[in-house]
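Line by line, the protein sequences give chains A and B. For the first sequence, our numbering gives the first residue as 7, with consecutive numbering after it. For the second sequence, our numbering gives the first residue as 7, with consecutive numbering after it.
There are 2 protein chains.
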Amino acid sequence: MQLDKKDLEKQAWEALEKSILHYKGNPVGTLAAYDVSVEALNYDQCFVRDFVSSALLFLIKDKTDIVRNFLEVTLKLQPKERQLDTCKPGRGLIPASFKVVLDQGQEYLEADFGEHAIARVTPVDSCLWWLLLLRAYIVAKKDFSLAYQPEFQEGIRLIMELCLVTRFDMYPTLLVPDGACMIDRRMGISGHPLEIQVLFYAALRAARELLICRGNEDIVEAIDHRLPLLCTHIRQHYWIDIHRLNTIYRFKSEEYGKDAVNLFNIYANSLPYDQLDKWLPKKGGYLGGNLGPSQLDSRFFSLGNLMAVISDLASVEQSQAIMTLIEERWEDLVGDMPMKISFPALENEEYRIVTGCDPKNIPWSYHNGGSWPVLMWMLVAASVKTKKIDLGKRAIEIAQARLCEDKWPEYYDGKKGRLIGKQARTYQTWTIAGFLLAKELLQNPSHLPLICF
Amino acid sequence: MQLDKKDLEKQAWEALEKSILHYKGNPVGTLAAYDVSVEALNYDQCFVRDFVSSALLFLIKDKTDIVRNFLEVTLKLQPKERQLDTCKPGRGLIPASFKVVLDQGQEYLEADFGEHAIARVTPVDSCLWWLLLLRAYIVAKKDFSLAYQPEFQEGIRLIMELCLVTRFDMYPTLLVPDGACMIDRRMGISGHPLEIQVLFYAALRAARELLICRGNEDIVEAIDHRLPLLCTHIRQHYWIDIHRLNTIYRFKSEEYGKDAVNLFNIYANSLPYDQLDKWLPKKGGYLGGNLGPSQLDSRFFSLGNLMAVISDLASVEQSQAIMTLIEERWEDLVGDMPMKISFPALENEEYRIVTGCDPKNIPWSYHNGGSWPVLMWMLVAASVKTKKIDLGKRAIEIAQARLCEDKWPEYYDGKKGRLIGKQARTYQTWTIAGFLLAKELLQNPSHLPLICF
């Protein structure tokens with residue numbers, strides 16, 4: 007039995023409302039999942055990156071209080087002291103998640119900066135998403151006053167200092183450990199993964215809008231310097247289309263000195279050039295997944311590419327090419343559930359070596375070629391922005407035929423995305439919110455400025 | 007025709023002296039190689055890490071001026087300004103190398119921080135080696151005055167600030183990109199490679215000795231805090247012996263929360279447990295090559311393990327176990343030329359995926375299972391320190407039967423190290439200096455405090 011669209015939305019909203027987390031009587035976030043059939047583990051927490059889709063939806067629906075509360079409580083959890091002690095979270099970080107703990111009748115918040123997480127992964131993306139959400143709140147309210155409060159100015163500044171501090175390498179990108187973003191397990195995204203770079207770029211732009219220049223001259227100058235360098239670096243060195251592939255294919259290697267063309271000393275046979283020769287549409291292209299010494303990860307990662315379109319990190323032509331690629335390779339990238347988090351999956355030895363034999367990330371499952379409905383809102387936003395609205399519409403049509411019936415699972419498996427994820431929770435909040443948000447963005451493109459610049 | 011030992015040393019000294027680089031009339035370092043038969047490329051430069059063996063030898067021979075000059079000129083090349091601009095080297099870094107350039111009759115020094123290097127790799131180890139060398143100079147002269155000069159105090163402080171600054175992750179180790187040390191090509195040592203961590207540990211200890219506390223209270227406190235954390239972290243989590251392997255082999259995975267035993271969520275089948283079960287001697291053990299989410303690199307890296315013995319990062323028992331392993335697996339790790347830089351080599355798909363198809367690092371060549379004579383001085387130092395002097399003696403005997411005859415090549419290839427490296431230069435300075443230094447350390451263990459604590 008297929009629900010009609012009205013009932014579907016109603017059910018989704020009910021499920022979303024059930025997931026709202028309260029702290030001292032006020033709504034402060036949403037739980038990762040509201041699945042009563044299994045043990046909570048860490049799904050009873052509010053994850054910063056998960057809350058983004060709920061938050062944008064709440065802003066659209068003029069339920070701004072929960073977003074404001076969220077921004078305030080997470081800001082309070084941000085370490086403010088200079089921290090030369092490494093076993094504590096660094097100054098400026100925003101936690102991966104937090105939960106409400108009851109102790110002797112008193113509620114308090116417990117943050118997790120990765121010290122509880124499986125494999126102790128570092129939530130680098132949290133502070134970047136937090137900035138994007140703060141900006142969305144300001145845009146929704148058309149009022150800068152929250153951001154101009156001294157504690158928010160300090161919070162923004164600390165995030166920028168953490169990201170802009172002197173490090174060892176000389177790239178404009180951020181160096182991070184594996185699993186530092188939505189893909190929070192080992193997946194070969196150690197180093198300079200696209201997702202982090204794109205969120206970093208957007209966060210720099212958000213901070214530039216929100217920071218009061220007076221007193222922050224050094225940071226503002228650094229942002230102004232970094233933005234164009236980062237942008238050029240990503241557009242030039244991460245870009246893959248048939249022309250670029252041909253250039254790489256014919257690269258000389260072992261070039262020493264300032265005039266080197268093959269800057270990162272990529273060996274063409276480290277790329278699946280024969281596969282890409284077939285797979286790349288004439289006019290399509292995308293940003294590769296990672297870049298380092300002798301490394302260009304040619305996998306397609308959706309979040310990075312879609313957010314690059316949304317944030318203008320991709321040029322106008324590149325944005326069109328990314329959407330063309332998605333259109334032309336729809337069966338691979340969307341199939342029966344929007345949309346693949348990465349493509350293609352790592353298989354065989356490559357799976358074994360790159361993931362460290364992670365049984366959750368077997369080929370075409372979870373992060374390794376699985377399909378994540380939450381990505382739909384980004385797909386829709388990118389399609390609206392590039393005037394390819396049909397793609398967004400099609401994605402929603404495909405998803406709404408299944409999501410509610412399948413009880414809003416976190417992810418789907420298989421090459422076409424027809425299997426409910428092997429270990430997926432049901433009633434996953436960002437699946438629900440992502441779907442509703444996608445519909446809102448499609449119906450009313452005037453909401454786009456919440457996440458576009 | 008075999009040279010007698012006296013002639014051999016004489017020839018080595020002559021070759022070493024030819025490699026000395028002069029700047030404004032003073033010796034300031036040694037060229038990487040003095041091989042007139044091939045184009046210089048970047049072998050006409052003084053590499054900081056390469057100069058270490060020459061420098062220690064010069065200190066032993068009471069030729070301290072060249073070392074002092076080297077320390078002074080490289081210190082001048084260290085960027086001192088706060089650098090929010092990422093395309094310039096960060097404050098505190100010491101270059102990978104420098105060369106003397108002549109322009110309109112004027113000599114000046116040109117530094118390379120990786121911007122000229124193949125694949126643009128970052129020389130993180132340079133600033134750590136520089137500190138170790140400064141300390142060796144102080145020990146040799148029995149006089150702290152050079153280190154107490156204000157510009158040296160500033161240099162030390164800047165290196166410490168660069169290393170101790172707040173970063174994203176919460177490990178006591180340093181996060182670095184691939185190829186940031188002696189292995190300066192992609193070799194799967196992105197993240198938290200052993201070599202960098204050991205040099206970091208030794209550099210922290212050196213800085214602690216050399217920094218004047220007054221005015222540096224914050225740094226000194228941070229060092230005092232970091233040292234035991236780093237030490238415990240490496241000793242616990244990088245250590246591999248048969249007992250530890252058995253623990254890992256039976257690890258539960260996917261543990262969430264503070265009580266997790268398998269902190270890094272290592273899957274046992276990501277390790278070659280069946281090979282290690284055979285290879286690990288009963289009493290031997292070693293520190294693994296890298297550690298991250300779902301990753302424990304079980305390759306043996308010589309520099310990291312030997313420097314861990316030398317610097318006391320390995321416990322007394324672990325140091326003995328490392329030397330026992332080398333003794334018991336002599337054919338694998340030393341064979342016909344001391345000694346393998348890494349063991350075993352990455353082969354087949356693993357080679358292809360992890361190195362990015364690097365033709366210089368094919369299995370059992372160069373960094374990927376090749377043999378590097380320069381490592382001999384560390385092997386000898388570690389064998390003297392652990393009272394396994396016979397191992398050092400045997401290594402020197404093996405090397406001196408070939409090195410001079412083969413014209414002091416940079417490295418050897420093959421499983422036993424009997425092939426002169428495919429692309430090895432001859433008259434490689436650190437091969438020559440490493441050999442002479444090894445002999446000195448063996449003959450006169452009283453020189454050990456130059457590099458021990």
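A virtual CB, placed ideally from N, CA and C, is assigned to each residue, including glycine. Since we're looking at a predicted model, the values are computed, not measured.
Cα atoms of Trp285 (chain A) and Arg335 (chain A): separation of roughly 8 angstroms, rounded to the nearest angstrom. In summary, the residues of the stretch 254-269 of chain A whose CB is separated from some CB of chain B by less than 9 angstroms are Ser259, Glu260, Glu261, Tyr262, Gly263, Lys264, Ala266, Asn268, Leu269, in the order they occur in the chain. Note that the C-beta distance between Ile248 (chain B) and Gly291 (chain B) is below 9 angstroms. The distance from the Cβ of Val34 (chain A) to that of Ile72 (chain A) is about 7 angstroms, consistent with a contact at the 8 angstroms cut-off.
Looking from the CA of Ile402 (chain B), the closest CA among B:Asp364, B:Lys391, B:Asn374, B:Gly341 belongs to B:Gly341. Identification of chain B residues near Ser196 (chain A) by a Cβ-Cβ cut-off of 7 angstroms yields Ser196, Gly197, Gly298, ordered along the chain. With fewer than three CB-CB distances shorter than 8 angstroms, the stretch 315-322 of chain A does not count as touching the stretch 211-220 of chain B. Straight-line spacing of the CA atoms in Glu261 (chain A) and Arg126 (chain B) works out to 10 angstroms. Among the CB atoms of chain A, none fall inside 9 angstroms of the CB of Cys237 (chain B). The contact set of Met176 (chain B) on chain A, defined by CB atoms closer than 8 angstroms, consists of Thr92, Cys93, Lys94, Pro95, Gly96, Phe119, Gly120, Glu121, Arg126, Thr128 in chain order. Listed in chain order, the positions of the stretch 360-389 of chain A with a beta carbon within less than 8 angstroms of a beta carbon of chain B are Val360, Thr361, Gly362, Cys363, Asp364, Pro365, Lys366. At a cut-off of 4 residues, the continuous stretches assigned as alpha helix (DSSP H) that sit fully inside the stretch 32-102 of chain B are 54-66, 70-83. When Cβ pairs closer than 8 angstroms are counted between the two stretches, the stretch 198-209 of chain A is seen to touch the stretch 236-243 of chain A, the count reaching three or more.
Across the structure, Lys148 (chain A) and Tyr29 (chain A) are spaced so that their CA atoms are roughly 26 angstroms apart. Below 8 angstroms, enough C-beta pairs join the stretch 245-259 of chain A and the stretch 271-286 of chain A to call them touching: three or more.
With its beta carbon less than 9 angstroms from one in chain A, Pro183 (chain B) belongs to the interface. Taking 7 angstroms as the upper bound on Cβ-Cβ separation, chain A lies near residues Leu168, Leu170, Val171, Thr172 of the stretch 160-172 of chain B. Look at Glu223 (chain B) here: in three-state DSSP terms it is helix. Separation of the CB atoms of Gln84 (chain B) and Leu164 (chain B) is rounded to 7 angstroms, and the pair is thereby assigned contact status at 8 angstroms.
Taken atom to atom, the span from the alpha-carbon of Glu116 (chain A) to that of Asp109 (chain A) is near 11 angstroms. Among the residues of chain B, none has a CB under 7 angstroms from the CB of Tyr244 (chain A); the nearest is roughly 15 angstroms distant.
Interface annotation, Asn275 (chain B): in contact with chain A, CB-CB separation under 9 angstroms. If you draw a straight line from the Cα of Ile404 (chain B) to the Cα of Met345 (chain B), it is about 10 angstroms long. For the stretch 407-445 of chain B, not one full-length beta strand (DSSP E) segment reaches 3 residues or more. Of all C-beta pairs linking the stretch 362-376 of chain B to the stretch 369-380 of chain A, fewer than three are shorter than 8 angstroms, placing the two stretches out of contact.
For Thr330 (chain B), the CB contacts under 7 angstroms within the same chain, skipping 5 residues up- and downstream, are Pro287, Lys289, Gly290 in chain order.
Within the stretch 282-312 of chain B, the residues whose Cβ lies closer than 8 angstroms to any Cβ of chain A are, in chain order, Gly298, Pro299, Ser300, Gln301. Bounds of the alpha helix (DSSP H) holding Leu152 (chain B) are 151-154. In the assembly as shown, Ser132 (chain A) is a buried residue. Its beta-carbon has 16 or more other beta-carbons within 10 Å. Under the three-state reduction of DSSP output, Asn271 (chain B) falls in the coil class, being neither helix nor strand.
For chain A, none of the residues of the stretch 137-162 of chain B brings a beta carbon within less than 8 angstroms of one of its beta carbons. Of all alpha-carbon atoms in A:Glu15, A:Asp338, A:Ile124, A:Glu446, the one lying nearest the alpha-carbon of Pro350 (chain A) is that of A:Asp338.
Of the candidates A:Lys422, A:Ala439, A:Lys393, A:Glu113, A:Ala439 places its Cα closest to the Cα of Trp414 (chain A). For Ser389 (chain A), the closest alpha carbon among the candidates A:Thr432, A:Ile332, A:Val182 is that of A:Ile332.
With respect to Asp412 (chain A), Thr432 (chain A) sits close: the two C-beta atoms are nearer than 9 angstroms. DSSP, read as helix, strand or coil, puts Ala405 (chain A) in helix.
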